[in-house]
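Shown next, in structure tokens, is the structure this report addresses.
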Amino acid sequence: MIQTIKGGVSDVGKFVQDQRKQGRSIGFVPTMGYLHQGHLSLIEASKRDGHCTVMSIFVNPTQFGPNEDFDAYPRDEARDLNLAEQAGADAVWFPTRGDLYPQGDDMRITPGEMGDCLCGISRPVFFSGILTVVMKLFHAVKPDCAYFGEKDFQQLTLIRRMTQLFFLDVRIVGCPTVREIDGLAMSSRNVRIPPDRRNDALGLFRTIQNARKAFLAGQKDPKTLRQHLLQRWPDGLDLDYLEFRDPQTLNEVTLLKPSTRIFIGAWLDGVRLIDNAEIGP
Ligand code: AMP
Numbered sequence: 005m006i007q008t009i010k011g012g013v014s015d016v017g018k019f020v021q022d023q024r025k026q027g028r029s030i031g032f033v034p035t036m037g038y039l040h041q042g043h044l045s046l047i048e049a050s051k052r053d054g055h056c057t058v059m060s061i062f063v064n065p066t067q068f069g070p071n072e073d074f075d076a077y078p079r080d081e082a083r084d085l086n087l088a089e090q091a092g093a094d095a096v097w098f099p100t101r102g103d104l105y106p107q108g109d110d111m112r113i114t115p116g117e118m119g120d121c122l123c124g125i126s127r128p129v130f131f132s133g134i135l136t137v138v139m140k141l142f143h144a145v146k147p148d149c150a151y152f153g154e155k156d157f158q159q160l161t162l163i164r165r166m167t168q169l170f171f172l173d174v175r176i177v178g179c180p181t182v183r184e185i186d187g188l189a190m191s192s193r194n195v196r197i198p199p200d201r202r203n204d205a206l207g208l209f210r211t212i213q214n215a216r217k218a219f220l221a222g223q224k225d226p227k228t229l230r231q232h233l234l235q236r237w238p239d240g241l242d243l244d245y246l247e248f249r250d251p252q253t254l255n256e257v258t259l260l261k262p263s264t265r266i267f268i269g270a271w272l273d274g275v276r277l278i279d280n281a282e283i284g285p
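In this text, residue positions in the sequence shown follow our numbering: the first is 5, and each later residue adds one.
This is the structure in structure tokens:
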């Protein structure tokens with residue numbers, strides 16, 4: 005039976021302590037809810053690793069800018085609890101804003117240079133909000149391992165870096181992007197894509213496929229490949245960025261290698277869409 009934790013930091017702390025007394029290690033899956041198979045794959049990875057698995061569900065206000073979709077972000081606690089239980093989670097924690105920001109949010113982690121590119125340009129408070137809430141969640145849950153999706157590759161890279169630079173005793177596990185059958189990367193925001201615009205939304209995945217094809221055919225120059233891809237960019241999608249970067253440093257590359265990642269950000273009717281993948285086979 006899944007445990008629902010509705011209290012604050014001390015309540016989740018007590019649950020975790022009880023589990024540790026029974027000799028269990030803790031795997032942690034932080035999310036903003038409205039769960040899909042991408043989120044559930046993180047629970048499954050934690051269970052495969054043998055952990056008592058705690059998921060948190062919290063739509064974190066500090067990572068949304070003033071004109072972003074904090075209010076419109078989809079939420080459904082009952083549905084999420086059911087899905088998390090089916091996937092094998094041991095507990096779901098629903099902290100409130102007051103639990104995580106009892107005295108406001110004037111003190112934050114700043115991401116540094118790695119956060120000043122890709123999503124960080126059009127969303128200037130995004131990564132400081134994420135790193136701050138993840139730091140708080142880590143201190144509350146004190147997990148052995150925490151699971152994050154490669155779908156949000158810049159976020160994953162920044163969290164890895166934060167755990168190193170702040171000597172956090174948690175192992176970060178990156179998990180592959182889960183996609184719909186047609187290739188669209190799963191996202192809670194996909195429910196806000198108008199059904200007749202679905203084909204436009206697939207523009208991100210198609211661009212990734214075209215990039216991989218061109219690379220396989222011998223294209224190694226990022227500038228030329230970018231031009232080639234932009235010529236085929238769908239009219240219905242507002243491009244934010246399309247870049248080729250090193251997977252470790254997130255620096256832009258001058259020569260494409262199989263491990264180079266293509267990163268794409270766009271808006272469709274005001275819905276934020278991102279995707280990324282390795283360019284090589
Ligand atoms: P979110 O609820 O969007 O903040 O995401 C919570 C976690 O789920 C993050 O680690 C995301 O990277 C991960 N995630 C979201 N979508 C996917 C996906 N399609 N495949 C794998 N992981 C995902």
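Ideal placement from N, C-alpha and C gives every residue a C-beta, glycine not left out.
Please name the residue, chosen from the options, that lies closest to residue i on a Cα-to-Cα basis.
i    : options                : result
A215 : M190, E247, A189       : E247
R193 : L44, L272, I61         : L272
P199 : L44, S45, V275, G124   : V275
L172 : V145, V58, G124        : V145
F142 : P78, R164, R201        : R164
N71  : I266, S126, V58, A93   : S126
T66  : V174, N86, A76, L104   : L104
V63  : M36, H55, D109, R175   : M36
L229 : Q252, I134, T100, V257 : V257
I2   : V177, R202, R196, Q23  : The requested residue 2 does not occur in the structure, where the chain is confined to residues 5 to 285.
A76  : M139, R196, H232       : R196
G12  : G102, Q168, G54        : G102
D170 : A150, T100, R183, M139 : Per the sequence shown, the amino acid found at residue 170 is Phe instead of Asp. The option with the nearest alpha carbon to F170 is M139.
M166 : R236, P128, Q223, G119 : G119
E282 : T100, G222, H232, Q213 : Q213
Whole angstroms is fine: what's the gap from residue i's alpha carbon to residue j's?
i    : j    : result
D225 : S263 : 14 Å
Q107 : S14  : 16 Å
Q90  : I6   : 9 Å
L290 : G284 : No statement about residue 290 is possible, as the shown extent of the chain runs from 5 to 285 and does not include it.
A88  : M59  : 8 Å
Y220 : L260 : The sequence shown places Leu at residue 220, not Tyr. If you take the alpha carbons of L220 and L260, they lie about 11 Å apart.
N255 : R249 : 5 Å
F157 : C123 : 10 Å
Q252 : T161 : 7 Å
S50  : G27  : 16 Å
A150 : Y245 : 28 Å
L135 : R175 : 16 Å
T211 : Q21  : 47 Å
V129 : G54  : 35 Å
Below 7 Å CB to CB, which residues in the same chain sit around residue i once its five sequence neighbours on both sides are set aside?
i    : result
H40  : M190, S192
F19  : Q7, I9, A95
L188 : N194, A205, L206, F209
S132 : R112, I113, T114, P115
D242 : A270, W271
Among residues of its own chain, excluding the 5 on either side of residue i, which ones have a beta-carbon nearer than 6 Å to its beta-carbon?
i    : result
I278 : G269
G153 : G42, C179
D148 : S29, I30
F68  : F74
T181 : E154, K155, A189
D109 : T66
N280 : F157, R265, F267
Counting only the same chain and skipping the five closest in sequence on each side, list residues whose C-beta sits under 8 Å from that of residue i.
i    : result
L85  : I6, T8, V96
E81  : G37, I61, F98
Q168 : none
R4   : Residue numbering for the chain in the displayed model covers 5 to 285; residue 4 lies beyond these limits and cannot be assessed.
V33  : H43, L46, I47, S50, T57, V58, M59, S60, A93, A150, Y151
| query | Of all residues in the structure, which have a C-beta closer than 6 Å to any heavy atom of the ligand AMP, taken in chain order? | reply | T35, M36, G42, H43, S45, L46, F152, G153, K155, D156, C179, T181, V182, A189, M190, S191, S192
| query | Taking the runs of the alpha helix (DSSP H) that are 4 residues or longer, which of them lie wholly in the segment 63 to 135? | reply | Entirely contained in the segment 63 to 135, the alpha helix (DSSP H) runs reaching 4 residues are, in chain order, 81 to 91, 101 to 104, 123 to 126.
| message | Just to confirm the assignment: which complete beta strand (DSSP E) runs, minimum length 3, are found wholly within the segment 147 to 217? | response | 149 to 153, 175 to 179
| said: Report the start-end ranges of each beta strand (DSSP E) in the segment 21 to 45 that is 3 residues or longer and not cut off at the edges. | reply: 30 to 35
| said: Which complete beta strand (DSSP E) runs does the segment 215 to 263 hold, if anything under 3 residues is left out? | reply: 242 to 249
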